[in-house]
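Undergrad: The structure follows.
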Amino acid sequence: MTTRTEVASSRPGPGPLTVLGWTNITLGASAAAFTWVTSLVLHKPGDPLIAAFAFLFITASYTRDRLDPADTDRSPRAAWIAGHRRHLTWWTTACAAAMLPITVLRPWCAAVVVLVGAMAWLYTAPLIPWHGRRLAVRQLPGVKLPYTMAGWLAIAVLLPAVQQRLLLDARTWYIAVTGVLIGSVTALLNDLRDLRTDALAGTSSLPVLLGERRTRVAAYGMAVGGAAVGQLVLPLPTVLWAAYNSTVLATYRPRPSQYPRPWGDAQGLVVLAAALLTR
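For the numbering used here, count along the sequence shown from 1 and bump the result up by 25.
Spelled out as structure tokens, the structure:
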């Protein structure tokens, strides 16, 4: 029995909310919910197929990333994933298979798969010459955050806007800027959680470059900026969303002996609920 297995077996198993987070179901549901938020902003009915695609794509891609041996650490989550690798592989395959008919019915979804897939490959491929060696995009200073948010933007905002032929509508870009700024708070929280792993892997995330304190200050500034832009489309829901993400960040503390809380992954569900309740 390995040390990791011994440590994992000495702890109680993760609760249902934690399992939903570690299987990326909460994250996928959050992305699906935000496609509906985009439709609300554009005063159009939500598209169930676009929402289903967002759920399946995010769930499958993030779970696949976590199954990569290069993306593991000594956290309880990594130990749990290692112990359930077979089931998670089947789950990822099922999500990918379920996306196929949707890409036929909604061809723009296929374009998103190609775009985000190309971005993911470029992120890790050592293609950039630099002082006699080649760097991957992830090794460039501060690129991790905009790369993460660009993928989210394509799926949760631009895809439903294109499907509804409203890509050039000002409201699309107001909610896009709002979402990128406020959503970056949770992305930076995840980067703080992965600070040690990113530093060892040579990924120049903002926490690696700025440290924890300055990263938190930058994140709070983004939340305020996002809430300000959000007044143009969803005044109260975006304030509540910014407050929610900021609270999750403010209460985050590294807890190596405990399971991390999954609340940040639920942000899309939170803003959708706020938008529906305040209509």
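Backbone N, C-alpha and C fix where the C-beta goes; we use that ideal spot for every residue, glycine too.
Can you check whether the CB of V296 is closer than 7 Å to the CB of P260?
TA: One-based indexing of the sequence shown puts residue 260 at position 235. One-based indexing of the sequence shown puts residue 296 at position 271. Taking 7 Å as the Cβ cut-off, P260 and V296 do not qualify as a contacting pair.
Undergrad: With DSSP as the reference, please indicate the residues paired to W155 in a beta bridge.
TA: Your numbering for residue 155 matches position 130 in the sequence shown. Partner(s): R158.
Undergrad: Along the alpha helix (DSSP H) that carries S271, what are the first and last residues, could you check?
TA: Locating residue 271 in the sequence shown gives position 246, where the first residue counts as 1. First-last of the alpha helix (DSSP H) with S271: 260-275.
Undergrad: For G293 and A267, I'd like the C-alpha separation in whole angstroms.
TA: Within the sequence shown, residue 293 is the residue found at index 268, counting from 1. Within the sequence shown, residue 267 is the residue found at index 242, counting from 1. Roughly 12 Å separates the two Cα atoms.
Undergrad: For P185, I'd like the list of residues in its chain whose CB is within less than 7 Å of its CB, leaving aside the five on either flank, ordered along the chain.
TA: Locating residue 185 in the sequence shown gives position 160, where the first residue counts as 1. Only T60, T63, S64, D72, I75 meet the Cβ criterion.
Undergrad: For the alpha helix (DSSP H) containing T118, list its first residue and its last residue.
TA: The residue you call residue 118 lines up with position 93 of the sequence shown. 110-130 is the extent of the alpha helix (DSSP H) around T118.
Undergrad: With N215 as the anchor, note down where its alpha helix (DSSP H) starts and where it stops.
TA: By one-based count along the sequence shown, residue 215 stands at place 190. Looking at the DSSP string, the run of the alpha helix (DSSP H) that includes N215 is 195-218.
Undergrad: Specify, as a first and last residue, the run of the alpha helix (DSSP H) that T63 falls within.
TA: Taking the first residue of the sequence shown as 1, we reach residue 63 at position 38. Element bounds for T63: 50-66.
Undergrad: Buried or exposed for R163, going by 16 or more other Cβ atoms inside 10 Å?
TA: As a first step, residue 163 is located in the sequence shown; it is residue number 138 there, counting from the start. Result: buried.
Undergrad: In terms of residues, what are the limits of the alpha helix (DSSP H) holding T43?
TA: Stepping through the sequence shown from its first residue, residue 43 is reached at position 18. Start and end: 41-47.
Undergrad: Between the Cα of W146 and the Cα atoms of W133, V129, T88, A161, which residue gives the shortest distance?
TA: By 1-based counting over the sequence shown, the position of residue 146 is 121. Among W133, V129, T88, A161, the Cα nearest to that of W146 belongs to A161.
Undergrad: Tell me whether Q189 sits in a helix, a strand or coil according to DSSP, three-state version.
TA: Numbered from its first residue, the sequence shown carries residue 189 at position 164. In this structure, Q189 counts as coil in the three-state DSSP scheme.
Undergrad: How many angstroms separate the CA atom of A201 from the CA atom of W115?
TA: For the purposes of this step, residue 201 is taken as residue 176 along the sequence shown, with counting starting at 1. For the purposes of this step, residue 115 is taken as residue 90 along the sequence shown, with counting starting at 1. If you take the alpha carbons of A201 and W115, they lie about 33 Å apart.
Undergrad: Within the continuous alpha helix (DSSP H) that includes Q256, where are the two ends?
TA: Your numbering for residue 256 matches position 231 in the sequence shown. Here Q256 belongs to no alpha helix (DSSP H), and DSSP marks it neither H nor E.
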